[in-house]
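See structure below.
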Amino acid sequence: MDKLKKRASGQRPKKRKFYGNKYTNVNETKVCDGVSSSSKKLNSGCFNNSFSATQSLGYRIIAIDILFSEISSILCCKVCGSDINICETLNHGLSSVFTIECAGCKKLNSFRNSRMMGAKSNVPEINRRFIYAMRCIGQGLAGMKNFCGAMDLPQPVQKSAYNKSLQKITRCVKDVAELSMLNAAKQEIEMTGQSQLTISGDGSWKTRGHSSKIGITSIIGIETGKVLDLEVLSSYCKGCEWGKKNKNAKEFENWKRSHDIECAKNHFGSAGKMEVVGMLRIFSRSEERFNAQYINYIGDGDTKTFLELRKSNIYGPDIELNKVECVGHVQKRMGSRLRELKHSMRGKKLEDGKSLGGKGRLTDKFIDQVTMYYGQAIRNNKDCVMDMRKAIWAIYYHKRSTDDEPLHDFCPQGNVSWCKYQKAKATGKLKDFKHKNVMAAPVMDSIKKIFKDLSEPTLLKRCLGGRTQNPNESLNSVIWKFCPKTSSSSKVIADIAANEAVVAFNEGRQGRLQIMQNLGFRVGQYSLEAARKCDLQRIKEAEKNASELNLSIRRIRHLHNTSQLETIAQQEGVVYEIKGVLSP
Numbered sequence: 177m178d179k180l181k182k183r184a185s186g187q188r189p190k191k192r193k194f195y196g197n198k199y200t201n202v203n204e205t206k207v208c209d210g211v212s213s214s215s216k217k218l219n220s221g222c223f224n225n226s227f228s229a230t231q232s233l234g235y236r237i238i239a240i241d242i243l244f245s246e247i248s249s250i251l252c253c254k255v256c257g258s259d260i261n262i263c264e265t266l267n268h269g270l271s272s273v274f275t276i277e278c279a280g281c282k283k284l285n286s287f288r289n290s291r292m293m294g295a296k297s298n299v300p301e302i303n304r305r306f307i308y309a310m311r312c313i314g315q316g317l318a319g320m321k322n323f324c325g326a327m328d329l330p331q332p333v334q335k336s337a338y339n340k341s342l343q344k345i346t347r348c349v350k351d352v353a354e355l356s357m358l359n360a361a362k363q364e365i366e367m368t369g370q371s372q373l374t375i376s377g378d379g380s381w382k383t384r385g386h387s388s389k390i391g392i393t394s395i396i397g398i399e400t401g402k403v404l405d406l407e408v409l410s411s412y413c414k415g416c417e418w419g420k421k422n423k424n425a426k427e428f429e430n431w432k433r434s435h436d437i438e439c440a441k442n443h444f445g446s447a448g449k450m451e452v453v454g455m456l457r458i459f460s461r462s463e464e465r466f467n468a469q470y471i472n473y474i475g476d477g478d479t480k481t482f483l484e485l486r487k488s489n490i491y492g493p494d495i496e497l498n499k500v501e502c503v504g505h506v507q508k509r510m511g512s513r514l515r516e517l518k519h520s521m522r523g524k525k526l527e528d529g530k531s532l533g534g535k536g537r538l539t540d541k542f543i544d545q546v547t548m549y550y551g552q553a554i555r556n557n558k559d560c561v562m563d564m565r566k567a568i569w570a571i572y573y574h575k576r577s578t579d580d581e582p583l584h585d586f587c588p589q590g591n592v593s594w595c596k597y598q599k600a601k602a603t604g605k606l607k608d609f610k611h612k613n614v615m616a617a618p619v620m621d622s623i624k625k626i627f628k629d630l631s632e633p634t635l636l637k638r639c640l641g642g643r644t645q646n647p648n649e650s651l652n653s654v655i656w657k658f659c660p661k662t663s664s665s666s667k668v669i670a671d672i673a674a675n676e677a678v679v680a681f682n683e684g685r686q687g688r689l690q691i692m693q694n695l696g697f698r699v700g701q702y703s704l705e706a707a708r709k710c711d712l713q714r715i716k717e718a719e720k721n722a723s724e725l726n727l728s729i730r731r732i733r734h735l736h737n738t739s740q741l742e743t744i745a746q747q748e749g750v751v752y753e754i755k756g757v758l759s760p
């Protein structure tokens, strides 16, 4: 056949797909050594590859009428040869007892659809497993009822049985989480070579605003990236509310004495004070739990947490705590200050008779761009304050430069410089170079004070090391997946969510297998396979997101989206105002 001759329509051979070979599949389940924090954490987990599947074949959802009719049609009694009948004689949640009866000799035999567990072998595994599985996706008894109704399954267990299972789950999840945090603390001490540690701390609340009744504080080791400790605080106890409503004053006092042991209320101040109180508790038990001291504290600058920690002298008057700024929060200050300036100057004119904002002036895109460059200047020079200052002022003078007044002395030199002026100078093309997107001098004069304030050596000194609270923010997002902010919940649920998040954050899904083992569940092949695949996918995505190319793409996309939104907003004009009424 002539290769140059065109094929007839529909005769194009189907492209073969690549499904891997012996080289690509040999290490399919091996966790790779990567640069992402997820890869480092999961490779050093205390439950890594410590599980093997049991002989359990798992669970299936089966239509009962199909199962009964098929079995009855092909089986008969081995004693008299008569037909058999199968029926469900007992139901408790998802646990059922099925009875097989001979139509002739009436011989009976019964079996359960799930094995029994517990000290007295009186708890169906499927019911407790269902409760735990729903908690893993942030759902409780109401969610279980909705699921069962939609799937035409029997309704779940009653609230009393549900609460008993929650108590067991709380203990087991807490045990695994504490073991994980103890192992993380040991690793942190080994990696730093000392017991005086640098940690990042943060607080998070169940609901937004200052009315939340549940708050969580946590600390994460800077070297391991793992959670070392956390505290769940609650200013509300459902049991206490029930006691006040159903008992008189004298009865309530007597009842309260016995209830204090299990009372969920462990915070008696405001919601805003929860982070301070929680962090004080975490610091005060560090020597007892881990024989360690948290000397350097990475946190945001908008709370009183560090001031209270320093004032308390937890480790004695001779040991002083040091504040390390979160680079992410410092970076945000640039954007916040520029936006505040833009808002305060609305309606006012600069020296050139134009406003501060508007096209070619202090736009949202320009603010985001400068904010991003400011953060990069700190991170790229995290070992030297003077280099940080130089890089920050390079941003300012680079943006201010014109053909008549090039101000690129602070910009990096050479043909690999990000500054096109310096690159043109190094390659001998300076005569042909023209400045583009020049920012007006009055605009740059207006924002110079902000650059001066945010390049102070005292501030930049606290940014040495380029540390962030990003791991804490990531942990908070995991916690509220297990305990959604959209639904109300008690401290018990918050405890389960926080400890489950610690295990997932430190150990990955294989840590969940240890929780399941502690609960008495059989870890079957499907549970094991799902955990391993999830961990591999987590590492794969983390490695991708940690690559320089992906980071650059995300930055460019963010700036592009900001520019588009600003253009649309200018075209539409003001469509909503908090103060004032729009004219028709």
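Residues in the sequence shown are numbered consecutively from 177, following the working numbering. Glycine included, C-beta positions come from ideal geometry on N, C-alpha and C.
Exclusion of the five residues before and after I302 leaves L270, S271 and S290 as the residues of its chain whose Cβ lies within less than 6 Å of its Cβ.
Q701 and A674 have their alpha carbons spaced roughly 27 Å apart. As far as DSSP is concerned, C502 takes part in no beta bridge. Within the same chain, R565 and I568 come within 6 Å of S631 by CB-CB distance, once the 5 residues on both sides are set aside. For V273, the uninterrupted beta strand (DSSP E) run begins and ends at S271 to C278, by DSSP. From the listed residues F306, L266 and E277, the smallest Cα separation to R288 is found for L266. By the criterion of a C-beta distance shorter than 6 Å, V333 is surrounded in its chain by G269 and N303, once the five residues flanking it on both sides are discounted. Under the three-state reduction of DSSP output, H268 falls in the strand class.
By the CB criterion at 8 Å, L538 and V619 fall inside the cutoff. Per DSSP, the continuous beta strand (DSSP E) segment holding N472 begins and ends at Q469 to G475.
The closest CA to that of A718, considering only Y491, L695, N694 and F681, is found on F681. In the structure shown, I744 falls within a helical segment according to DSSP collapsed to helix, strand and coil. For S410, the uninterrupted beta strand (DSSP E) run begins and ends at V403 to S410, by DSSP. Between the stretch 429-437 and the stretch 466-477 there are fewer than three inter-stretch CB-CB distances shorter than 8 Å, so the stretches are not counted as touching. Here V592 is exposed. Its C-beta has fewer than 16 other C-beta atoms within 10 Å.
Selection C560, N322, Y572 and K508 evaluated against D544 yields K508 as nearest (Cα-Cα).
Rounded to the nearest whole angstrom, the C-alpha separation of A670 and K518 is 41 Å. Distance between E705 and R698, taken at the CA atoms: about 14 Å.
The three-state secondary structure of W656, taken from DSSP, is helix.
Distance from the CA atom of V679 to the CA atom of L358, rounded to whole angstroms, is 12 Å. Shown here, G325 sits in a helix according to DSSP, grouped into three states.
8 Å or more divides the Cβ of K558 from the Cβ of G504. Residue environment analysis places A360 among the buried positions, since at least 16 neighbouring C-beta atoms fall within 10 angstroms of its C-beta. Residue range Q372 to W381 is occupied by the beta strand (DSSP E) that includes T374, with no alpha helix (DSSP H) assigned at that position. Per DSSP, the continuous alpha helix (DSSP H) segment holding F466 begins and ends at S462 to F466. The beta carbons of F482 and Y470 sit about 11 Å from each other, so the pair does not count as a contact at 8 Å. Measuring C-alpha to C-alpha distances from D259 to each of M510, E366, T603 and C281 identifies C281 as the nearest.
When only Cα atoms are considered, C256 and V352 end up about 54 Å apart.
Taken through DSSP and simplified to helix, strand or coil, S434 comes out as helix. For L284, no alpha helix (DSSP H) run applies; the uninterrupted beta strand (DSSP E) run containing it begins and ends at L284 to R288, by DSSP. Here the alpha carbon of A707 sits roughly 15 Å from the alpha carbon of G234. Within a 10 Å sphere around the beta-carbon of K605 sit fewer than 16 other beta-carbons, which makes this residue exposed.
Between A447 and S388, the CB-CB gap stays under 8 Å. C639 counts as buried, since no fewer than 16 other beta carbons sit within 10 angstroms of its beta carbon. With contacts defined by Cβ atoms closer than 8 Å, V561 and K624 do not form a contacting pair. Listed in chain order, the alpha helix (DSSP H) runs fully inside the stretch 498-572 are 503-520 and 540-555, counting runs of at least 4 residues.
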